[in-house]
Structures are given as C-alpha cells and as structure tokens.
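Engineer: Numbering (the numbering used here), first residue to last: 2 to 164. Please find one structure pasted underneath; my questions will follow.
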Ligand code: PNS
C-alpha cells in the first residue's frame with residue numbers, strides 16, 4: 002500500500018523553505034501531495050490559485066513522487082478522502098508552534114487516521130516566509146536567496162506589476 006503524505010499550505014508564493022520541506026517529505030513517503038488549501042485568515046493573495054499551483058509544479062518537476070492539488074474544504078476531509086497517513090508541516094521557530102499544535106490536534110480529532118509530522122526547517126530558512134518574500138520584492142530587494150530559481154523572474158515580474 003502506498004504511503005501518502007499531504008503538504009498543505011497557501012504557497013503565495015512557494016519559497017525555498019517550502020521546497021526544502023516538500024523535498025524531504027518526498028524522501029520519507031511513497032507519494033507526496035502538495036495541497037494548495039484555503040486559510041481563512043488570508044484572503045488577499047498576490048498570486049491566483051492557478052499561478053500558485055503552476056509555480057509549485059515547476060519547482061517540483063524533478064521529484065517524480067510529488068504532485069500538486071487544490072482543495073477548498075477541510076484538510077482532514079481531504080486527507081481521509083485520499084487515504085493519506087500523514088500531514089507534513091515545516092516548523093520554523095517556537096512562534097510557529099502554538100498555531101501548528103492547535104491545527105494538528107484539531108485535524109487529529111476530525112480524522113484520527115493520519116498523523117501530523119513536523120519537519121524542522123533548516124537554519125538558513127528559519128526566517129523565511131511567503132510574506133517576507135513579498136515585502137522584500139515589493140520594495141525592490143533581492144529575493145534570489147529566498148525563492149527557487151526557475152520561478153524567480155515570474156515572481157519579480159508579478160510583484161513589481163502590483164506596485
Ligand atoms: O501556509 P498557511 O496559510 O500557513 O497554511 C495553513 C493551511 C492552509 C494549511 C490551513 O489553514 C488549513 O489546513 N486550511 C484548510 C482548512 C482547514 O482544514 N482548516 C482547519 C485546520 S484545523
């Protein structure tokens with residue numbers, strides 16, 4: 002039986018930090034579904050759903066057991082539907098912990114058949130987030146150390162256009 006993991010997130014846009022977690026998850030599980038999901042606390046996306054999915058597809062094209070999906074319902078329902086055994090999340094710092102812990106417990110209550118697995122981020126990605134990338138890009142800063150190279154120009158073009 003295939004051991005499936007789901008990596009959920011907003012990915013607005015996908016960063017090197019996300020890619021690191023996805024890559025490491027792909028080595029631990031038979032199949033990894035990167036799930037572009039709805040975060041009710043976020044509504045002002047810089048990138049459309051299609052753009053976010055395309056960017057993740059581009060940067061994970063070398064990982065044969067990774068694919069990208071979208072779901073606009075409860076994560077626990079999706080995980081159950083596809084028969085995944087794990088939800089993989091990256092933990093950057095203690096500040097992430099309370100929120101992630103709350104989600105892990107809620108998801109476990111909603112569907113007991115999967116575990117939330119936390120991978121600690123690498124030291125160089127500790128401070129990295131999609132919003133940090135967007136802020137730096139908006140002010141014309143260099144984001145080449147923060148996002149995967151194949152989507153760097155797309156992100157720059159798009160965020161400069163927003164100004
Ligand atoms: O990248 P983000 O925005 O921090 O990811 C948060 C996300 C999308 C994983 C979370 O909001 C989520 O799981 N959304 C799906 C809806 C859901 O199940 N919400 C309840 C979680 S307890």
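From the three backbone atoms N, C-alpha and C, an ideal C-beta is built for every residue, glycine too.
Just verifying my parser: in three-state terms, what is the DSSP assignment at residue 152?
Structural biologist: Of the three classes helix, strand and coil, the one that applies to residue 152 here is helix, per DSSP.
Engineer: Three or more C-beta pairs under 8 Å: does that hold for the segment 59-69 against the segment 79-99?
Structural biologist: Cβ pair count under 8 Å is below three, so no.
Engineer: Pick out every residue whose C-beta is nearer than 5 Å to a heavy atom of ligand 1: which are they, in chain order?
Structural biologist: Counting every residue whose Cβ lies closer than 5 Å to a heavy atom of ligand 1, we get 9, 10, 11, 38, 40, 75, 76, 104 and 107.
Engineer: I need the DSSP call for residue 94, collapsed to helix, strand or coil.
Structural biologist: Coil, per DSSP.
Engineer: Using a Cβ-Cβ cutoff of less than 7 Å, which residues in the same chain neighbour residue 123 once the five nearest sequence positions on both sides are dropped?
Structural biologist: If we look at residue 123 and ignore the five residues flanking it on each side, its Cβ neighbours are 21.
Engineer: Starting from residue 23 and walking both ways along the beta strand (DSSP E), at which residues does that stretch end?
Structural biologist: Premise fails: residue 23 lies in the alpha helix (DSSP H), 17-29, not in any beta strand (DSSP E).
Engineer: Just how far apart, CA to CA, sit residue 56 and residue 26?
Structural biologist: Their backbone Cα atoms lie some 18 Å apart in a straight line.
Engineer: Roughly how many angstroms lie between the CA atoms of residue 125 and residue 11, to the nearest whole one?
Structural biologist: If I take the Cα positions, the gap works out to 21 Å.
Engineer: Quick check on residue 131: does DSSP put it in helix, strand or coil?
Structural biologist: Reduced to three states, the DSSP call for residue 131 is helix.
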